[in-house]
Amino acid sequence: MNSRNESEVQAERKKSNILFNITIGLIIILIGLIIFTFIVLVKKISNLAEISDKLKELSNNEGDLTSRIQSNSKDEVGEIASSFNNLLESLQNLIIQIINTTLDIKKQSDEFIRISRCKYFRNSRQN
């Protein structure tokens, strides 16, 4: 009977050790998941902060349309960064077109003024 009690006590100890080891393992896994989640969230928040900063620059008329947001992520934040970069590129191209059109109009206006002056001087000499 004594050996039976000892075997029951040993079985209980084994059970307790197994439960303790499982509990420690679960705690370690939980800590690992918390750290992983924290790292992922910090990375996403920093990407969003960069996008927010770029938008603030543009809204304050200080924005550099040649700068781009560097993001290699394939998630929603990466898509926002990519779309933002595409928007900046479109705006940059539009401004270049406006500048080129303005230069063409100025060139044509200068030519029109030159022709008008020539005609004016020619007419004033004839009179």
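Numbered by full-length UniProt numbering, the letters in the sequence shown go through residues 1 to 127 in order.
All C-beta atoms in this analysis are idealised placements derived from N, C-alpha and C, irrespective of residue type, glycine included.
Original post:
In or out: residue 81 buried (at least 16 other Cβ within 10 Å) or exposed?
Top reply: Counting every other CB atom within 10 Å of its CB across the protein chains shown gives residue 81 a total of 16 or more, marking it as buried.
**OP:** Compare the C-beta of residue 8 against all C-beta atoms of chain C and say whether one is closer than 9 Å.
**Re:** Of the chains in the structure shown, none is chain C; there is only one protein chain.
Subject >> For residue 15 and residue 21, the rounded distance between their alpha carbons >> reply: Between residue 21 and residue 15, the C-alpha separation is close to 10 Å.
Original post:
Under a three-way DSSP split, which group does residue 69 fall into?
Top reply: Per DSSP, reduced to three states, the secondary structure at residue 69 is coil, with no helix or strand assignment.
Original post:
Near residue 44, which residues of its chain fall below 7 Å by C-beta distance, leaving aside the five closest residues on each side in sequence?
Top reply: Same-chain partners within the cutoff: 77.
Original post:
Would you say the segment 96 to 110 touches the segment 61 to 72, given that touching needs at least three Cβ pairs under 8 Å?
Top reply: The segment 96 to 110 makes no contact with the segment 61 to 72: fewer than 3 CB pairs, one atom from each, lie closer than 8 Å.
Subject >> Proximity of residue 46 and residue 54 at Cβ, strictly below 9 Å >> reply: The answer is no: Cβ separation not under 9 Å.
**OP:** Just the C-alpha distance for residue 92 and residue 79, rounded to the nearest angstrom, thanks.
**Re:** For residue 92 and residue 79, the distance between alpha carbons rounds to 20 Å.
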